[in-house]
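Student: If you scroll down you'll find the structure; I have some questions about it.
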Amino acid sequence: MALLQLDKATIRFGGLTAVSELDLAIGNTDLIGLIGPNGAGKTTAFNLITGVYQPTSGQISFNGQSIVGSKPYLITARGIARTFQNIRLFASLSVFDNVRAVFHLHLRGDVRHALWRGRGYHEEEASIANRVIELLEIFQLAKYRDEPAKSLSYGDQRRLEIVRALAAQPKLLLLDEPAAGMNATEKVELTRLIRFIRDKFQISILLVEHDMQLVMGICERIAVLDYGVKIAEGTPDEVRRNPKVIAAYLGE
Amino acid sequence: MNLNLRHAKTGLLGALALCFLVTLFSKFINPYWLYILYDIGINIILAVSLNLINGYTGQFSLGHAGFMAVGAYTAGVITNQFGQLNAFASGGVFLGALLAGGLMAAVAGLLVGIPTLRLKGDYLAIVTLGFGEIIRVILQNVDSVGGARGYSVMHGWTNFFWTFGLAAVTVYVIASLVNSTYGRGFIAVHDDEIAAEAMGINTTKYKVSAFVIGAFFAGIAGGLYAHSKQYITPGGFGFMQSIAFVVMVILGGMGNTVGVILAAILLTLLPEGLRFLAGVQQIPGVAKMYPLSWVGDTRMIIYSLLLIVLMLTRPQGLFAFKKRQR
Amino acid sequence: MTELLQQLINGLALGSILALIALGYTMVYGILRFINFAHGDVFMLGAFAGFYLAPKIATFVPLPSVAGALIIFGLSMVICAALGVLIERLAYKPLRKRPKLTVLITAIGVSLFLEYAGQFFFGASNKKFPDILPTWPVTKVLSLSVNSNQLIVLAVTLLLLLGLRFIVMKTRMGRAMRAVSFNPEAAALMGVNTDVVISFTFALGSALAAAAGILYAINYPSIDPLMGIMPGLKAFVAAVLGGIGNLPGAALGGIIIGVTETLVSGYISSTYRDAIAFAILIVILLVKPSGLLGKKEVEKV
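Have a look at this one:
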């Protein structure tokens, strides 16, 4: 059974059908790319999966349960985390706190612990701090732990956003154009990083990306959207040779 | 500037003990100054609790005086049911009345918080202002608490211990809350609601909690205020009052507890200082007479100009020396 | 029935005044996306400008007279227009790129400043507004007593609305205003001088507020430096009710608030009067936040 299953998922805004009858299945530890020309509906598809938008029709299920109608924060709690095309970090929080804020999902105690400040609270906070630092260290961000998130370089902000999403301990990670604005060296590094994340955390990754080379390089399977419709799906080689895809990109 | 919370609970207990000690000697303090001290403590509670809503959570409430009014009237009505009591009983009744006032205000906060969820920035400001005004108008129409004429509160039970003890509790609760992993969610909501929601933070719950907790402490402050002044009118809780609390939060630097406390102290003392200046006839060491009585008439103009200049030059607040880093 | 009609007429007069103030809020919001909290105080300044002008004008044009009233109207509008531009230049313009909250708080500061400065210079007590317009007894139609001043309010409001519509729809400046309101960056790129447009908007809104101030003072002839607070807030509610940024909406909202408020104070209780506008505001924001005639804005993710 697929981890995430989209079944004829459709969303219309007024007269515009942004995503039309999209079928997509993602299995455990899959690394899948979602590509398409500008305005093809890739980010809209992300927003459907994460509950920012509700589908006009069709079904979306995660782990065998429907997530249609769920609030975004509940979907995250179930195990889908994401990054944003235009980085959305918590700008006034430190690098450390950006990640720590997400750990509330895994808190055992509630507010009363925070107010009583007993030993249990301190132990839990200490263990959270350790896990945050561990994550930051994996991504070489620990040295910036007390810097405000907005003071990081662009590439570091992108990485921090990924770390923050991983802190939710997702089973599926959605990356929205992670290579946007990166230079060639950074892209090579990113490719390595995405593979590493999948192998280390044993999760599935769905990647929306403009950079064909990057997508072709790491994804096992690629779905192509054009005007909200899936026009092709297959291995990178199959997609590369598909005349419909070529037409969509070259713009007939 | 941030509170070091490592020994927060010890600090709170110490503060309470100190407040108790000061109270024992408070009869040696000039009553005029004692009442100004009460005002300071009450304003600290109001500003610090509003800071949770406006500063940390990034909402914009202009209705804090309305919550204060709910607490003031509730506590006043409750204690007025009692005659003269001994010190011990009065303390218990007073604490109960203050908590009841806080709870009623929290209910009001819930009623305000839920419908305003969809609103942001200036819309939110104006709607909370509207809620505050509605509370005021309703109080004006309740004859059993005197309507627009006002309501007499029999017992002057507010003292140094209650005022500053509860101020310490307020600071402790709000600082502990926002500094916990759970409480980072408030700031996450402030920074980016969409990202917060995507990170599993129930933004609705956080925003409503901020309103409820903030309103609770405003209600407590209202109860203290009622038993300090012993006479309350609906007009005393108008939106000009709410604006004054907002100014404290802004001056202190939104989301900066220490700064907000300092601002509450400063802004409570400022009118007294200007009043003092207005009485000066001669500047020491200067032979010529320079009566400063004009200060009295222009102090509110100065106050408003300071606010404008502050916004133009230091919108991050007077006491924000360092960027928020925790 | 007569009573109801009577209340409706009173409500229309109040509503027209609110509509004139609401237009200023809505125009500024349309262009700068912020609530000019001090707008209600410009309304107050309009009334005081009339108050102080009246004796000066009376030295060469006898008052009350139509000619004298027109001069007072015109001069007050010009004075307030200039003040509006001045306020924008000094207090708001330096903050144009700052967070909206900073600007809102500054506007609150400006509002407090105008109120306190008003109390200092004009005195805090109520003043009787002089009779600048001759009143004539209006015949009782259907046993309705219609005050001539109420008719003047309706007529002047209508004229000003038509004038505003002409400016916004038919003139170059009006076109520029609409362009900036639609998309400030694009308008600037197309050669629209946004600074001039913003100043003009403030001038226009403030002039209308001044007119409203005098109409108010003619009708309820007691003025004081804090008189702008409540009408200002209610007019803002009117602007939201009609759909903020929408000119006909602001006028409609003003009329609705004015009539509702008058009916409630006439039939239910006058002490609840001040809460009506806010109750309407809360309901409209819950049911249709974009207002009666407004468009919806969505945040892009």
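Chains as they are written, first to last, in the numbering used here: chain A, 205 to 456; chain B, 148 to 473; chain C, 23 to 323.
By construction, the Cβ of each residue, glycine as well, lies at the ideal position given by its N, Cα and C atoms.
Quantities reported herein were computed from a predicted structural model and do not represent experimental measurements.
Would a check of beta-carbon distances place B/A162 closer than 8 Å to chain A?
Tutor: No, B/A162 lies away from the interface with chain A (no Cβ there is under 8 Å from its Cβ).
Student: Can you tell me which of C/F222, C/V218 and C/A201 puts its alpha carbon nearest to the alpha carbon of C/M212?
Tutor: If we check each option's Cα against that of C/M212, C/A201 comes out closest.
Student: Pick helix, strand or coil for B/V427, following the three-state DSSP scheme.
Tutor: B/V427: coil per DSSP, three-state reduction.
Student: Work out the CA separation of B/L266 and A/T287 for me, nearest whole Å.
Tutor: For A/T287 and B/L266, the distance between alpha carbons rounds to 25 Å.
Student: Check the Cβ-Cβ distances between C/Y294 and every residue of chain B, and say whether any is below 8 Å.
Tutor: So, interface residue.
Student: Name the residues in the region 306-328 of chain B whose C-beta lies less than 7 Å from a C-beta of chain C; which are they?
Tutor: The region 306-328 of chain B vs chain C, Cβ under 7 Å: nothing.
Student: For A/E424 and A/G432, I'd like the C-alpha separation in whole angstroms.
Tutor: Using only the alpha carbons, I get a separation of about 22 Å.
Student: Using DSSP's beta-bridge definition, name the partner residues of A/L379.
Tutor: A/L379 pairs with A/L411.
Student: Which residues in chain C have a C-beta closer than 9 Å to the C-beta of B/Q237? List them in chain order.
Tutor: The amino acid at residue 237 of chain B is misidentified as Gln; the sequence shows Ser. Within 9 Å Cβ-Cβ: nothing; B/S237 doesn't reach chain C, min ~35 Å.
Student: Pick out whichever of C/L26, C/A41 and C/N32 has its Cα sitting closest to the Cα of C/A272.
Tutor: When each option's Cα is compared against that of C/A272, the closest is C/A41.
Student: So, does the CB of B/A272 fall closer than 8 Å to a CB anywhere in chain C?
Tutor: Yes, B/A272 lies at the interface with chain C (some Cβ there is under 8 Å from its Cβ).
Student: Let me know the secondary structure DSSP gives C/V219 once reduced to three states.
Tutor: Helix.
Student: CB-CB under 7 Å to B/Y353, same chain, minus the five flanking residues each way: which ones, in chain order?
Tutor: Excluding positions up to five away in sequence, the list reads T204, G332, F333 and V336.
Student: Is the beta carbon of C/I324 less than 8 Å from the beta carbon of C/I302?
Tutor: There is simply no residue 324 of chain C to check, as chain C begins at 23 and stops at 323 in what is shown.
Student: Less than 8 Å between CB atoms is the rule here; does A/S261 satisfy it with respect to chain B?
Tutor: Closer than 8 Å: no.
Student: Strictly below 7 Å CB to CB, what residues from chain B border C/A139?
Tutor: Within 7 Å Cβ-Cβ: I448.
Student: Note down, in chain order, every chain B residue with its Cβ under 8 Å from the Cβ of C/P366.
Tutor: Absent from the model: residue 366 of chain C. The displayed extent of chain C is 23 to 323, so no value can be given.
Student: Roughly how many angstroms lie between the CA atoms of A/G231 and A/I284, to the nearest whole one?
Tutor: Cα-Cα distance, rounded: 13 Å.
Student: So what's A/S274 in DSSP terms, helix, strand or just coil?
Tutor: In the structure shown, A/S274 sits in coil (DSSP, three-state: anything other than H, G, I, E or B).
Student: Mapping DSSP to helix, strand and coil, what is A/P440?
Tutor: A/P440 falls in the helix class under three-state DSSP.
Student: Cβ of B/G347 within 8 Å of Cβ of B/G399?
Tutor: No, Cβ-Cβ distance for B/G347 and B/G399 is not below 8 Å.
Student: Run through DSSP, which three-state label would B/V359 get?
Tutor: Helix at B/V359.
Student: Along chain C, which residues have their Cβ under 9 Å away from the Cβ of B/F423?
Tutor: Per Cβ cutoff of 9 Å: no residues; B/F423 is ~19 Å from chain C at best.
Student: Determine the closest residue to B/C166 out of B/T157, B/N201, B/G382 and B/G312, with distance taken between C-alpha atoms.
Tutor: Cα-wise, what sits closest to B/C166 is B/G312.
Student: Which residue's Cα is closest to the Cα of C/Q141: B/I455, B/F466, B/D444 and B/T460?
Tutor: Ranking B/I455, B/F466, B/D444 and B/T460 by Cα distance to C/Q141 puts B/D444 first.
Student: Per DSSP, what are the beta-bridge partners of A/R263 in this structure?
Tutor: Here the sequence assigns Gln to residue 263 of chain A, which means Arg is not the residue at that position. Looking at the DSSP assignment, A/Q263 forms a beta bridge with A/D211.
Student: Closer than 6 Å by C-beta to B/Y372: which residues in its own chain qualify, once you throw out the five before and the five after it? Chain order, please.
Tutor: Correct list, in chain order: I189 and A219.
Student: Counting only beta-carbon atoms, is A/P276 nearer than 8 Å to chain B?
Tutor: Judged by the 8 Å Cβ criterion, A/P276 is in contact with chain B.
Student: So B/I273 packs on C/I53, CB below 8 Å; how close in whole Å?
Tutor: The Cβ separation is near 18 Å, so there is no contact.
Student: Taking 7 Å as the limit between beta carbons, can you name the residues of its chain near B/Y319, skipping five residues before and five after?
Tutor: Hits under 7 Å: A155 and L159.
Student: Pick helix, strand or coil for B/A343, following the three-state DSSP scheme.
Tutor: If DSSP states are grouped into helix, strand and coil, B/A343 belongs with the helices.
Student: What is the rounded straight-line gap between the Cα of A/V223 and the Cα of A/A383?
Tutor: Each residue's alpha carbon lies about 23 Å from the other.
Student: If you run the structure through DSSP and keep just helix, strand and coil, what is A/G428?
Tutor: According to the sequence as given, residue 428 of chain A is Val; it is not Gly. It is a strand residue.
Student: Tell me which residues share the same chain as A/L454 and place their Cβ nearer than 6 Å to its Cβ, disregarding the 5 neighbours each side in the sequence.
Tutor: If we look at A/L454 and ignore the five residues flanking it on each side, it has no Cβ neighbours.
Student: Evaluate contact between the region 401-415 of chain A and the region 368-383 of chain A, counting only Cβ atoms and requiring at least three cross-stretch pairs below 8 Å.
Tutor: The region 401-415 of chain A vs the region 368-383 of chain A: in contact.
Student: I want to see whether chain B comes within less than 8 Å of C/K119, judged by CB atoms only; does it?
Tutor: For C/K119, the answer is no, since every Cβ of chain B falls outside 8 Å of its Cβ.
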